[in-house]
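To start, the structure under review is shown below, and the notes come after it.
Protein chains: 2
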Amino acid sequence: MSPGDTRTAILDLAEELLRTRSFNSFSYQDIAAEIGIRKASIHYHFPGKEDLGVALIERFRLRAGAWASRMVERNATPAEKLEAYFQAQFEILRDEGKICAQGILSAEFNALPERMKESYMEFLEEQQQWLVRVLGKGQELGLFADDRTPEELAALIQSAMQGSLQIARASGRPERFQAVAEELVRRIFTAPETVSLPDAAAS
Amino acid sequence: MSPGDTRTAILDLAEELLRTRSFNSFSYQDIAAEIGIRKASIHYHFPGKEDLGVALIERFRLRAGAWASRMVERNATPAEKLEAYFQAQFEILRDEGKICAQGILSAEFNALPERMKESYMEFLEEQQQWLVRVLGKGQELGLFADDRTPEELAALIQSAMQGSLQIARASGRPERFQAVAEELVRRIFTAPETVSLPDAAAS
DNA sequence: GTCTATAGCGGGATAGAC
DNA sequence: GTCTATCCCGCTATAGAC
Numbered sequence: 010m011s012p013g014d015t016r017t018a019i020l021d022l023a024e025e026l027l028r029t030r031s032f033n034s035f036s037y038q039d040i041a042a043e044i045g046i047r048k049a050s051i052h053y054h055f056p057g058k059e060d061l062g063v064a065l066i067e068r069f070r071l072r073a074g075a076w077a078s079r080m081v082e083r084n085a086t087p088a089e090k091l092e093a094y095f096q097a098q099f100e101i102l103r104d105e106g107k108i109c110a111q112g113i114l115s116a117e118f119n120a121l122p123e124r125m126k127e128s129y130m131e132f133l134e135e136q137q138q139w140l141v142r143v144l145g146k147g148q149e150l151g152l153f154a155d156d157r158t159p160e161e162l163a164a165l166i167q168s169a170m171q172g173s174l175q176i177a178r179a180s181g182r183p184e185r186f187q188a189v190a191e192e193l194v195r196r197i198f199t200a201p202e203t204v205s206l207p208d209a210a211a212s
Numbered sequence: 010m011s012p013g014d015t016r017t018a019i020l021d022l023a024e025e026l027l028r029t030r031s032f033n034s035f036s037y038q039d040i041a042a043e044i045g046i047r048k049a050s051i052h053y054h055f056p057g058k059e060d061l062g063v064a065l066i067e068r069f070r071l072r073a074g075a076w077a078s079r080m081v082e083r084n085a086t087p088a089e090k091l092e093a094y095f096q097a098q099f100e101i102l103r104d105e106g107k108i109c110a111q112g113i114l115s116a117e118f119n120a121l122p123e124r125m126k127e128s129y130m131e132f133l134e135e136q137q138q139w140l141v142r143v144l145g146k147g148q149e150l151g152l153f154a155d156d157r158t159p160e161e162l163a164a165l166i167q168s169a170m171q172g173s174l175q176i177a178r179a180s181g182r183p184e185r186f187q188a189v190a191e192e193l194v195r196r197i198f199t200a201p202e203t204v205s206l207p208d209a210a211a212s
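These protein sequence lines map, in sequence, to chains A and B.
Heads up: the first sequence runs through residues 10 to 212, numbered per the numbering used here.
Heads up: the second sequence runs through residues 10 to 212, numbered per the numbering used here.
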């Protein structure tokens, strides 16, 4: 194994466990068993579970930042960015049994270690602000009725996506997520057909 | 103490702990310490933690049923019922640091004991169906544009409420919940002013 | 119905050999 | 960087006295 591989393997598995079960519902033992090392070895990479949790969130933030940069490099229009955003949400659900880390972390928020709370709040803020910026540009281009502020639109979209991923998984009805996404697009855009969503069949 | 009091005290505190921290983040010890009994005494009332969890959900279901019945007795109109529904969501947030049990349980779903999963799914279904029925009646009365099915409206409302409660708490910005609720009402009703929401000041 | 006492496990974490 | 061995703690749960 090249250096960093174990660390990455730990992070990858921890991410999967976080998104399937929640932060307080998985242990170092779960990780050790799955990737074939001992608990003590995990402590070498992440001294405490809080460190692992913070590293996870920081990786989410970096990943989101890189994703946003790619959109910029492609000179994506606000409509294209929003379409990509919605499609990314569909990807999350396709990942059998998992929901977005955002949702898990905010539901479990009070039970998280202090540094994770701080890191998570920054993550949440960044996500929110990205949406606000894109929605603001979209509004200038007439994508939405201009009687709403981008902040309110962003809050609605973020909330609905998070809640419907959770409900769709728990109820075993992925089509409920589909319904919410379509409903949102229809109710927000003046010309909903500018944003195309994946088919319900997928999942 | 009259019989049943300890049981109720346990349930009340467990509900509070569930809604502040999540099911897997509180223990019998937390309850025992707070209400001044011993861990073993809790096992007398609820043999296992799973039993406590199921009892909690069953109580949520009974409570929701009683609430709906009261609406019926008052001959509430669909608009009044929906207004009451939204106002109930505001109450949840006012309860400092707590979010709705629905949200916690669906986020933690995969990490819940089997019987809790089953009970929760029935709870979710009942809530959904109540909304669908009320929205259906409202549609007949022309409260909404009739190009949407009540099922889709219900899914959107439920998701957005759940997600925004979580986000509002984690970000320490209750006004974000306010914004989402207002945005929803505005986007769903043909005459939004028929449903009045509490003021942002409250929280 | 509540208590004391304790079993038994699994959690996070550390020391020190290799 | 990974291992073995071990610590200490808190958890759920049970037995049995009162």
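Ideal Cβ placement from N, Cα and C applies to all residues, glycine included.
For the alpha helix (DSSP H) containing residue 3 of chain B, list its first residue and its last residue.
-> This structure cannot speak to residue 3 of chain B, because chain B is shown only from 10 to 212.
So, does the CB of residue 113 of chain A fall closer than 8 Å to a CB anywhere in chain B?
-> Chain B has a Cβ within less than 8 Å of the Cβ of residue 113 of chain A.
Got a sec? Which residues, its chain only, sit under 7 Å from residue 47 of chain B by beta carbon, not counting five neighbours each side?
-> Counting only Cβ-Cβ distances below 7 Å, and skipping sequence neighbours, we find 41.
is_contact[residue 189 of chain A, chain B] using C-beta, thresh 8 Å = Yes, residue 189 of chain A counts as interfacial toward chain B.
Please classify residue 55 of chain A: does DSSP put it in a helix, a strand, or coil?
-> coil
Nearest CA to the CA of residue 33 of chain B: which residue from A:57, A:118 and A:19?
-> A:118
For the candidate residues A:125, A:22, A:89 and A:207, whose alpha-carbon lies nearest to that of residue 67 of chain A?
-> A:125
Along chain A, in chain order, which residues have C-beta atoms closer than 7 Å to that of residue 199 of chain B?
-> Correct list: empty, because the minimum Cβ distance to chain A is about 13 Å.
Simplified DSSP assignment, three categories, for residue 35 of chain A | DSSP places residue 35 of chain A in the coil class of the three-state scheme, outside both helix and strand.
Buried/exposed call for residue 56 of chain B, threshold 16 Cβ in 10 Å | exposed
To which residues does DSSP link residue 153 of chain B through a beta bridge?
-> B:198
State yes or no: is the beta carbon of residue 80 of chain B nearer than 8 Å to at least one beta carbon in chain A?
-> no
Chain B within 8 Å of residue 73 of chain A, Cβ atoms only = no
Residues of chain A with CB under 7 Å from residue 118 of chain B, in chain order?
-> 178 and 179
In this structure, does DSSP put residue 158 of chain A in helix, strand or coil?
-> In the structure shown, residue 158 of chain A falls within a coil segment according to DSSP collapsed to helix, strand and coil.
Under 8 Å by Cβ, that's how I've got residue 112 of chain A and residue 26 of chain A pegged, so tell me the actual separation to the nearest angstrom.
-> 15 Å between Cβ atoms; not a contact.
Near residue 80 of chain A, what residues of its chain come up, given a Cβ to Cβ distance below 8 Å and the 5 sequence neighbours on each side ignored?
-> 89, 90 and 93
Rounded distance between the beta-carbons of residue 96 of chain A and residue 170 of chain A, thought under 8 Å = Contact doesn't hold; Cβ gap of about 12 Å is too wide.
Reduced DSSP category for residue 212 of chain A - H, G, I as helix; E, B as strand; rest coil | For residue 212 of chain A, the predicted structure reports a pLDDT of 47, less than 50, and the residue's modelled location is therefore unreliable. A value from the coordinates is still provided. Three-state DSSP puts residue 212 of chain A in coil, outside helix and strand.
Taking 8 Å as the CB-CB cut-off, is residue 212 of chain B touching chain A?
-> Residue placement at residue 212 of chain B is flagged as unreliable, the pLDDT there being 47, under the threshold of 50; a coordinate-derived value is accordingly withheld.
Three-pair Cβ contact test at 8 Å for the segment 175-194 of chain B versus the segment 152-169 of chain A | yes
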